[in-house]
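Colleague: Heads up, the sequence shown is in UniProt numbering, so the first residue is 1 and it goes up one at a time.
Below is a structure I'd like to ask you about.
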Amino acid sequence: MTLLRKIALTAGLLLLVACGKNDLAAPPAELGDFVLGLNIVVADNMQKVPISRPVTVEEWEAVMKKAVEDRFGRYRGDRVYNIGISVDAFALAPKGVPLVVAPKSVLMITANIWDDAKGQKLNRKGKRITVFESLSGDTVVGSGLTRSKEQQMAALSYNAVKAVERWLMDNPAWFDMTDSRRSPTPSAAN
Numbered sequence: 001m002t003l004l005r006k007i008a009l010t011a012g013l014l015l016l017v018a019c020g021k022n023d024l025a026a027p028p029a030e031l032g033d034f035v036l037g038l039n040i041v042v043a044d045n046m047q048k049v050p051i052s053r054p055v056t057v058e059e060w061e062a063v064m065k066k067a068v069e070d071r072f073g074r075y076r077g078d079r080v081y082n083i084g085i086s087v088d089a090f091a092l093a094p095k096g097v098p099l100v101v102a103p104k105s106v107l108m109i110t111a112n113i114w115d116d117a118k119g120q121k122l123n124r125k126g127k128r129i130t131v132f133e134s135l136s137g138d139t140v141v142g143s144g145l146t147r148s149k150e151q152q153m154a155a156l157s158y159n160a161v162k163a164v165e166r167w168l169m170d171n172p173a174w175f176d177m178t179d180s181r182r183s184p185t186p187s188a189a190n
């Protein structure tokens, strides 16, 4: 297979995966008896890529908490789990960057989960997750030209928290789930 063909195939697959729609109206994926307890987000030590639009600690904490609540607040189990997220680094595509550059926004977080009843952290070390904005007609030319700072942050937070959900689903033992109780992993790019 030629290099050009490989590049075209990869780009097509990325476009197909990235163009997924918002799935929050659908029933949540299976996580056993999960119900969200504490929703902790910290951004005190975040790093900003120099070209990025500015964002305050409070803005990141608020948008990430909302994304966690939107996704995990849908679960109605009997066992309380606490989620902690640290916003580690970000870059929001700035306005006015030439089309040739077309920068993409990116967010890096570290996630942890605790079983509230047992009073213990379930993962040995934090799960580092890096996400980009999903590719769409709005972002092809660079999301800084077509989206507000708030829209970029909401898109990144949605993608990051969806990745946290996939990570939790990859660890069914944390939720006392057998293979027969598991539903398919939601599809999206990591």
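A virtual CB, placed ideally from N, CA and C, is assigned to each residue, including glycine.
Note that this is a predicted model, so its numbers are computed, not measured.
Kindly list the residues whose CB is nearer than 6 angstroms to the CB of V35, restricted to its own chain and excluding five residues on each side of it in sequence; keep chain order.
Modeller: Contacts found: Y75, G77, V80.
Colleague: Is it the case that the Cβ atoms of E133 and A29 are separated by a distance below 8 angstroms?
Modeller: No, the Cβ-Cβ distance between E133 and A29 is not below 8 angstroms.
Colleague: Per DSSP, which residues does R82 bridge with? Please list them.
Modeller: Looking at the sequence provided, one finds Asn at residue 82 rather than Arg. W114, per the DSSP bridge assignment.
Colleague: Taking only the alpha-carbon atoms, compute the straight-line gap between D170 and N45 and give it to the nearest angstrom.
Modeller: Roughly 28 angstroms between the two C-alpha positions.
Colleague: For residue 191 and V68, which I take to be in contact (beta-carbon distance under 8 angstroms), what is that distance rounded to the nearest angstrom?
Modeller: Because the chain here runs from 1 to 190, residue 191 falls outside it and cannot be looked at.
Colleague: Any idea if N22 is buried or exposed, counting beta-carbon neighbours within 10 angstroms, 16 or more meaning buried?
Modeller: Exposed, by the Cβ-count rule.
Colleague: Using beta-carbon positions only, say whether G49 and A111 come within less than 8 angstroms of one another.
Modeller: Residue identity check: residue 49 is Val in the sequence provided, not Gly. No. Outside cutoff.
Colleague: Closer than 6 angstroms by C-beta to W174: which residues in its own chain qualify, once you throw out the five before and the five after it? Chain order, please.
Modeller: Result list for W174: L122, in chain order.
Colleague: Classify A91 as helix, strand or coil using the three-state DSSP reduction.
Modeller: A91: strand per DSSP, three-state reduction.
Colleague: Could you tell me the distance, in whole angstroms, from the CA atom of D88 to the CA atom of Q152?
Modeller: Going from the Cα of D88 to the Cα of Q152 covers about 16 angstroms.
Colleague: Cα separation between L156 and E58?
Modeller: If I take the Cα positions, the gap works out to 16 angstroms.
Colleague: Would you list the residues sitting across from L107 in a DSSP beta bridge?
Modeller: In DSSP, L107 forms a bridge with F90, V131.
Colleague: Let me check understanding here. Comparing Cα to Cα, which of S52, D115, G32, I129 lies closest to P172?
Modeller: Ranking the options by Cα distance to P172, first place goes to G32.
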